[in-house]
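Numbering (my numbering), first residue to last: 21 to 121. Below is one structure, written out as structure tokens; the observations come after it.
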Amino acid sequence: MPKLIRLYITQVAIGFVISAVFVALLLVLNVANLRGLIFGSDSGLIALGMIWFMNGIVFAGVQFAWKIMSMAEKPKGPRRGTPVAHAIKPTLIRQEAGAKR
21 MPKLIRLYIT QVAIGFVISA VFVALLLVLN VANLRGLIFG SDSGLIALGM
71 IWFMNGIVFA GVQFAWKIMS MAEKPKGPRR GTPVAHAIKP TLIRQEAGAK
121 R
């Protein structure tokens, strides 16, 4: 299996695990009476699965993007640019006085 596909599958699995933890915390903390709504309804398991799956899609995308962006090469050398005080040099500009009227 190519490394990129393996990386993608791993990060998606991690994203769905994070989603499961997130949904569990939502139910434990009873945010917006979600626990009562899910367990009090006959279609609560479908709602629970949808919440987990939709959050899993979001968390998997964020997890994969974070992993890809963290793989970038670190810049070599100093990270600071030229200080502004050294970049700006004052210049003398002469202006001739106009004729008086």
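Here a beta-carbon is modelled for each residue, glycine too, at the ideal position from N, C-alpha and C.
Residue i classed as buried or exposed, judged by whether at least 16 other C-beta atoms fall within 10 angstroms
i: Ser-61; result: exposed
i: Ala-80; result: buried
i: Gly-118; result: exposed
i: Gly-69; result: exposed
i: Gly-76; result: buried
Endpoints, the alpha helix (DSSP H) within which residue i is located
i: Met-21; result: Here Met-21 belongs to no alpha helix (DSSP H), and DSSP marks it neither H nor E.
i: Gly-87; result: Reading off the sequence, residue 87 comes out as Lys, not Gly. Run containing Lys-87: 64-90, per the alpha helix (DSSP H) assignment.
i: Arg-55; result: 54-59
CA-to-CA distance, residue j to residue i, given in whole angstroms
i: Lys-87; j: Gln-31; result: 8 Å
i: Leu-112; j: Ser-90; result: 48 Å
i: Pro-95; j: Met-21; result: 31 Å
i: Ile-29; j: Met-74; result: 17 Å
Same chain only: Cβ atoms within 7 Å of residue i, ignoring 5 sequence neighbours per side
i: Trp-72; result: Ser-39, Ala-40, Val-43
i: Ile-34; result: Gln-83
i: Leu-54; result: Leu-46, Leu-47
Own chain, CB closer than 6 Å to residue i, minus 5 neighbours either side, in chain order
i: Leu-45; result: none
i: Ala-67; result: Ile-58
Cβ-based neighbour list, residue i, same chain, cut-off 8 Å, excluding 5 preceding and 5 following
i: Asn-50; result: Gly-56
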